[in-house]
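Residue 147, in the working numbering, is where the sequence shown stops; the numbers in between run on with no holes.
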Amino acid sequence: MQNPDLNLERGDIAAKFSYIMKKMNRNFVVEVDAATRKTLLHNKIKLGWQVCRIEDYLVASRCYKCSRFNHRFRDCRGKVTCPLCAGPHTLKACTSDSKTYTCINCVNYNTYNPTKNISVNHSSLDRKCLSMHAVIEKYRLNTEY
Ligand SMILES: [Zn+2]
Ligand SMILES: [Zn+2]
Ligand SMILES: [Zn+2]
């Protein structure tokens, strides 16, 4: 109702969930169809007293058992791999401190992309993980809008 210029109709936007980032920014995740997405990405939305920016919400799904991307725990055929230090144990059993963190996905990334040689000295949960960004970028390229 606050954004009549967008010509949205009831049902164009389905609320999913919200979360708070640093600096007390609240993010709302909604599901929309391709046409609505285009409209939203090219506009700002008035919401209460705020003007909101719209971005794609993309996350890489990571397996809890082997810490690799793109499959679920249920479908895992890998070995138990610690997401913090890449050792053969679960996250709970990990005794490594942050100085010895090793990202299993970036280790693998370097194996498959020997010319890149990205940093592996972080946990595979790290938001700055480059192989995770590569996975998300692939999602973006493979998603048809
Ligand atoms: Zn797995
Ligand atoms: Zn560990
Ligand atoms: Zn990484």
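Using N, Cα and C, we set each Cβ at its ideal position, and we do this for glycine too.
Item	Value
Please check the pair residue 105 and residue 122, which I expect to be a contact at CB under 8 Å, by giving their CB distance rounded to whole angstroms.	5 Å
Going by DSSP, which residues form a beta bridge with residue 98?	DSSP lists no partner for residue 98.
Closer than 6 Å between the C-beta and any heavy atom of ligand 2: which residues qualify, listed along the chain?	84, 86, 87, 89, 91, 96, 98
Give me, in chain order, the residues of the same chain whose beta-carbon lies closer than 7 Å to that of residue 85; leave out the 5 immediate sequence neighbours on both sides.	69, 93, 125, 126, 127
Do residue 20 and residue 31 count as a contact pair if the criterion is CB distance below 8 Å?	yes
What separation, rounded to the nearest whole angstrom, lies between the Cα atoms of residue 49 and residue 5?	8 Å
What are the start and end residues of each continuous beta strand (DSSP E) run of 3 or more residues lying completely inside the region 100 to 134, in chain order?	none
Quick check on the burial criterion: 16 or more other C-beta atoms within 10 angstroms. Buried or exposed for residue 83?	buried
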